[in-house]
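Visitor: Read top to bottom, the protein sequences are chains A and B. Taking UniProt numbering, the leading residue of the first sequence gets 1, the next gets one more, and so forth. Taking UniProt numbering, the leading residue of the second sequence gets 1, the next gets one more, and so forth. Every residue gets a Cβ at the ideal spot worked out from N, C-alpha and C, and that includes glycine.
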Amino acid sequence: MDIQEYIESGILELYVYGALTPKESEEVSAILAQYPEVQQEVEQIETALQNLSSAAAPYNPEVLLAAIKSKLRNADGVIQLQPTVSQKRARVLSYISMAASILFLIGIFALLNRTNTLREELQTVEVEKTQLESKLNYSEEALQETKEILAVIRDPQVTKIPLAGQQVAPEAYVNVFWDKASNKAYIDALGLPEPPEGFVYQVWSLKLDPLTPTSMGLLENFSQDENKVFELDNPNDSQAFGITLEPAGGSETPTMEQLYTLGVVQGNA
Amino acid sequence: MQPDELILRLQQKDEKAFERIYSLYSESIFGVINSVLHDTEASEEVLQDVFVKVWDNSESYTSEKGRFFTWLLNIARNAAIDKTRSKAFKNQKKNLTQEYFVDILEHKSSFTSKVDAIGIKKYIKTLGEECKKVIDLLFFKGYTQKETSEELNMPLGTVKTRNRLCINKLREILVN
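(1) Tell me which same chain residues have a C-beta within less than 6 Å of the C-beta of valine 38 of chain A, skipping the five on either side of it?
(2) Can you check the UniProt domain "RNA polymerase sigma-70 region 2" (22-88) of chain B for any alpha helix (DSSP H) of at least 4 residues that lies completely inside it and give the ranges in chain order?
(3) For chain A, check one thing: does any of its Cβ atoms lie closer than 8 Å to the Cβ of lysine 160 of chain B?
(4) Do alanine 248 of chain A and alanine 265 of chain A come within 8 Å of each other at the CB atom, strictly closer than that value?
(5) Per DSSP, what are the beta-bridge partners of phenylalanine 199 of chain A in this structure?
(6) Under the three-state reduction of DSSP, which class applies to proline 22 of chain A: helix, strand or coil?
(7) Give the list of continuous alpha helix (DSSP H) stretches no shorter than 4 residues that lie fully inside the stretch 101-166 of chain B.
(8) Excluding five sequence neighbours on each side, which residues of the same chain lie with their C-beta closer than 7 Å to the C-beta of alanine 76 of chain B?
(9) Can you tell me where the alpha helix (DSSP H) holding tyrosine 6 of chain A begins and where it ends?
(10) Please confirm whether tyrosine 22 of chain B has its beta-carbon closer than 8 Å to some beta-carbon of chain A.
(11) Quick one: Cα of isoleucine 81 of chain B to Cα of glycine 66 of chain B, how far?
(12) Is arginine 164 of chain B near glutamate 41 of chain A, with beta carbons less than 8 Å apart?
(13) Less than 8 Å separating the beta-carbons of leucine 170 of chain B and tyrosine 100 of chain B?
(14) Spell out a yes or no on whether the stretch 51-68 of chain A and the stretch 7-27 of chain B are touching, meaning 3 or more CB-CB pairs, one atom from each, closer than 8 Å.
(15) According to DSSP, is tyrosine 35 of chain A helix, strand or coil?
(16) Within the same chain, show all residues whose beta-carbon is closer than 6 Å to that of methionine 216 of chain A, passing over the 5 residues directly before and after it, in chain order.
(17) What are the boundary residues of the beta strand (DSSP E) that includes glutamate 62 of chain A?
(18) So that I know if they touch, is there some Cβ in chain A lying closer than 8 Å to that of residue 178 of chain B?
(19) When you compare the stretch 145-160 of chain B with the stretch 95-113 of chain A, are there three or more beta-carbon pairs, one atom per stretch, that lie closer than 8 Å?
(20) On the three-pair Cβ rule with 8 Å, is the stretch 157-164 of chain A touching the stretch 179-193 of chain A?
(21) With a cut-off of 8 Å on the beta carbons, I'd call threonine 84 of chain B and valine 52 of chain B a contact; round off their distance for me.
(22) Rounded to whole angstroms, what is the Cα-Cα separation between tryptophan 71 of chain B and lysine 125 of chain B?
(23) Along chain C, which residues have their Cβ under 9 Å away from the Cβ of aspartate 116 of chain B?
(24) Would you mind listing the beta strand (DSSP E) stretches within the UniProt domain "Anti-sigma K factor RskA C-terminal" (99-255) of chain A that are 3+ residues and don't spill past its ends, in chain order?
(25) Of all Cβ atoms in chain B, is any one closer than 8 Å to the Cβ of valine 16 of chain A?
(26) For a cutoff of 8 Å on Cβ pairs, would you count asparagine 60 of chain A as touching chain B?
(27) For asparagine 74 of chain B, which of B:Tyr61, B:Gly142, B:Val175 has the nearest alpha-carbon?
(28) Assign leucine 81 of chain A to buried or exposed, taking buried as 16 or more other Cβ atoms, counted over all protein chains shown, within 10 Å of its Cβ.
Following this line, the structure appears as C-alpha cells:
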C-alpha cells in the first residue's frame with residue numbers, strides 16, 4: 001500500500017468529518033493504528049478543523065461548564081458513579097446479609113413454632129400426669145378400702161350373717177359382717193339391685209321376740225359405691241338384720257312390703 | 001494527540017476527565033453548532049444538551065469506529081439539525097437566507113486566545129467559493145460525499161480531492 005497516495009486521496013479528511021460509512025471508517029482506523037504517518041496526518045487535519053470551527057463559536061463556552069455540570073447532577077442518576085468493584089462487592093455483601101437476615105428470621109420463627117408445640121405437648125403431658133396421679137390416688141384408696149374389707153372378713157371376731165332375698169327380690173342377697181367388739185357392721189350389698197330413683201336401702205337391726213326393728217342407717221350413694229360395702233354403727237344386741245327399700249331419707253319404721261333381704265344371726269334361730 | 005487516557009476516564013464517569021474533555025473540545029463544537037444555527041442562545045442550549053449526552057453515552061465511543069472528535073461532531077451536528085427542525089426555531093428563522101460558517105467568520109471581530117484569529121481571517125479571504133461550500137457541507141453540516149456531490153453538482157471522486165486541497169490551504173495558513 002502506498003501510504004502517501006492514501007493520504008493524498010483525501011479519505012482522511014472525510015474520516016475526520018465523519019463523512020465515511022461506518023465500515024470505511026473502521027478500515028481507516030485500522031490503517032491509522034498501523035501507520036504513524038497516517039496518525040500524524042489525521043491529528044493535523046483534526047487540529048486545523050478544530051481551529052476553524054472554534055473561530056465560528058460565539059465565545060469560549062468555558063463559562064457554560066458549571067451549568068452543564070449542574071445538569072449532570074440534576075439529571076436522574078447521571079452524576080452517579082458507575083458501581084466500582086468495591087461497591088459491587090458491597091452490594092453482593094448486602095444481598096448476602098439480607099438473605100442471612102431472612103434465613104435468621106425464618107429460623108427464629110421455626111424455633112418459636114417448635115417452642116409453642118413443645119409447650120403444648122408439655123401441657124398435655126402434665127394434664128395426663130395429673131389424671132394418672134388422681135387415678136393412682138383413687139386406686140390406692142380403693143385398694144386400702146378393699147384391704148380393710150378383707151381384714152374385716154378374715155377377722156375371727158367378726159360374725160358373718162348372710163341375708164337371703166325375700167318376696168319382692170328373690171334373687172337378692174347380702175352379707176353382714178358384724179364386729180361386736182367395735183360395734184361396727186359391714187354391709188356387703190353387692191347382691192342388691194340398684195335402688196329406683198328417689199328410694200334408698202335402709203338397714204334394720206331386729207329383735208325377734210317381739211319383732212322390734214331399730215334403724216342402723218341408710219346405704220347412701222349406693223350406685224356410686226364400687227365395692228358396695230357399707231360401714232354402719234351397730235351398738236344393738238341384734239338377733240337378725242333386714243334391708244328394706246324406703247323413700248329417700250329413710251323411714252321411722254320399716255316398710256315390710258319392701259323387705260328385700262332378711263337374715264338371722266346364728267344362735268338366735 | 002487524541003487524549004485516550006482522558007476518554008477512558010470519562011467513560012468511567014470521572015468528572016475531572018469530563019471537565020478536561022469539555023475544555024479541549026467545547027469551543028470547536030460550539031462553533032459547529034453555531035454554524036448550523038446562527039443563533040447564540042439556541043447554540044448554548046444545544047451545546048449543553050450535547051455534553052450531557054457525551055457524559056451519558058461516552059461508553060458508546062470506541063477508537064475503532066473513528067476519532068473522538070468525529071464522534072462529538074456527529075452528536076453536535078445531529079442535535080443542531082434537530083433544533084433547526086423544531087417549530088419554535090423555524091418560526092424565528094424563516095426569513096433568513098442560507099448561511100454558512102464563512103458568514104460568521106467574516107462578521108466576527110473578537111476571537112478567543114485559542115483561535116489563530118489572523119490566520120482564520122486570512123484563510124477566509126483567500127478561500128474559493130467552492131471550498132467554502134464543500135467544507136460547509138462536509139464538515140459543518142455533516143453531508144456524505146454523495147450528498148455533497150449531488151448538492152454541488154460535482155463528480156463524486158472530485159469531492160474528496162477538492163476538499164483535500166481546501167483543507168491543505170487551511171493547514172498551510174495556520175502553520176505558517
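Guide: Well, looking at it:
(1) Closer than 6 Å at the Cβ level, and outside the excluded window around valine 38 of chain A, lie Ile31, Leu32.
(2) Here the runs fully enclosed are 40-57, 68-85.
(3) With 8 Å as the cut-off, lysine 160 of chain B counts as an interface residue toward chain A.
(4) Residue 265 of chain A is actually valine in this sequence, not alanine. No, the pair does not count as a contact, with Cβ atoms beyond the cut-off.
(5) Paired residue(s): A:Pro247.
(6) Looking at proline 22 of chain A - three-state DSSP - the assignment turns out to be helix.
(7) Whole alpha helix (DSSP H) segments, 4+ residues: 101-107, 117-126, 129-135, 145-152.
(8) Residues of the same chain with a CB within less than 7 Å of the CB of alanine 76 of chain B, apart from the 5 flanking positions on each side, are Ile29, Val32, Ile33, Val50 in chain order.
(9) Per DSSP, the unbroken alpha helix (DSSP H) holding tyrosine 6 of chain A starts and ends at 3-8.
(10) Tyrosine 22 of chain B counts as touching chain A.
(11) Using only the alpha carbons, I get a separation of about 21 Å.
(12) The answer is no: Cβ separation not under 8 Å.
(13) No.
(14) Three or more Cβ pairs drawn from the stretch 51-68 of chain A and the stretch 7-27 of chain B lie within less than 8 Å of each other, which places the two stretches in contact.
(15) In the structure shown, tyrosine 35 of chain A sits in coil (DSSP, three-state: anything other than H, G, I, E or B).
(16) Excluding positions up to five away in sequence, the list reads Val203, Ser205, Leu232, Asn234.
(17) Note, glutamate 62 of chain A: premise wrong, no beta strand (DSSP E); not H, not E.
(18) Residue coverage of chain B in this structure runs from 1 to 176, which leaves residue 178 of chain B outside it and unanswerable.
(19) Because the criterion of three Cβ pairs below 8 Å is not met, the stretch 145-160 of chain B and the stretch 95-113 of chain A do not touch.
(20) As far as the Cβ criterion goes, the stretch 157-164 of chain A touches the stretch 179-193 of chain A, which means the pair count is three or higher.
(21) Contact between threonine 84 of chain B and valine 52 of chain B is absent: CB atoms are separated by about 19 Å, not below the 8 Å threshold.
(22) Roughly 30 Å separates the two Cα atoms.
(23) No chain C appears in the structure shown, which is made up of the protein chains A and B.
(24) For the UniProt domain "Anti-sigma K factor RskA C-terminal" (99-255) of chain A, whole beta strand (DSSP E) runs of length 3 or above, ordered along the chain, are 158-165, 173-179, 184-191, 199-207, 212-218, 229-233, 240-247.
(25) Cβ-Cβ to chain B under 8 Å: yes for valine 16 of chain A.
(26) At least one CB atom of chain B sits nearer than 8 Å to the CB of asparagine 60 of chain A.
(27) Considering only alpha carbons, the answer is B:Gly142.
(28) In this predicted model, leucine 81 of chain A has a pLDDT of only 47, less than 50, meaning its place in the structure is not dependable; the value taken from the coordinates is given anyway. Leucine 81 of chain A is exposed by the Cβ-count criterion.
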